[in-house]
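Note sheet for the following structure.
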Amino acid sequence: MAFVCNGEVIQWAKQEGGEWVSLHGGYSLAQMKAGLPGVELVPEAEALEMQNARYRRPWQEITEARYIDQLEVLPPMDWNRSGAGESFKSMEMYAFDVTSIFAQVKGRFFECRDVCTLTHAEVMGSLEAAFFAGEAVNPGH
Numbered sequence: 002m003a004f005v006c007n008g009e010v011i012q013w014a015k016q017e018g019g020e021w022v023s024l025h026g027g028y029s030l031a032q033m034k035a036g037l038p039g040v041e042l043v044p045e046a047e048a049l050e051m052q053n054a055r056y057r058r059p060w061q062e063i064t065e066a067r068y069i070d071q072l073e074v075l076p077p078m079d080w081n082r083s084g085a086g087e088s089f090k091s092m093e094m095y096a097f098d099v100t101s102i103f104a105q106v107k108g109r110f111f112e113c114r115d116v117c118t119l120t121h122a123e124v125m126g127s128l129e130a131a132f133f134a135g136e137a138v139n140p141g142h
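Each residue of the sequence shown is one higher than the last, beginning at 2 in our numbering.
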């Protein structure tokens with residue numbers, strides 16, 4: 002569980018004496034609301050999704066130079082190649098599990114921010130929907 006306000010995690014929560022309290026300070030929901038009227042207690046998965054949504058960014062086309070720079074600046078995470086294209090993720094996270102994702106398809110280069118758990122197939126599928134609608138990214142399969 003977590004205390005959130007306006008889609009941002011304020012404090013993670015733990016159960017103490019049958020009541021959910023903040024992990025740091027042991028504040029109850031009522032005490033948290035006294036200082037932040039919009040605060041609410043939500044399940045951990047929902048809090049993570051709210052937080053991740055704040056950092057996600059849609060696909061945008063980038064230069065080859067930006068793609069190569071990001072490939073070389075840190076060791077890439079989950080670097081994949083297939084008939085559809087190539088993708089990798091930055092090891093640097095924006096928050097929780099949101100990172101920059103880079104892809105190359107048909108000689109074009111792209112970047113977005115999304116969760117690091119996306120598979121290469123999901124990355125290629127979302128790029129196909131955004132930039133190659135009606136066009137097969139991998140015509141050989």
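No residue lacks a Cβ here, since even glycine has one placed at the ideal position from N, Cα and C.
Residue ranges of each beta strand (DSSP E) within the segment 2-48, 3 or longer:
3-6, 9-17, 20-23, 41-43
Quick check: what's the CA-CA separation for Ala122 versus Trp80?
12 angstroms
Do Cys113 and Asp98 come within 8 angstroms of each other at the CB atom, strictly closer than that value?
no
Alpha carbon to alpha carbon, how far is Tyr56 from Ile11? Give it in angstroms, no decimals.
16 angstroms
Would a C-beta distance cut-off of 8 angstroms place Ala104 and Glu87 closer than the cut-off?
yes
Those runs of the beta strand (DSSP E) which lie wholly inside the segment 74-134 and span at least 3 residues
78-83, 86-96, 99-106, 109-116
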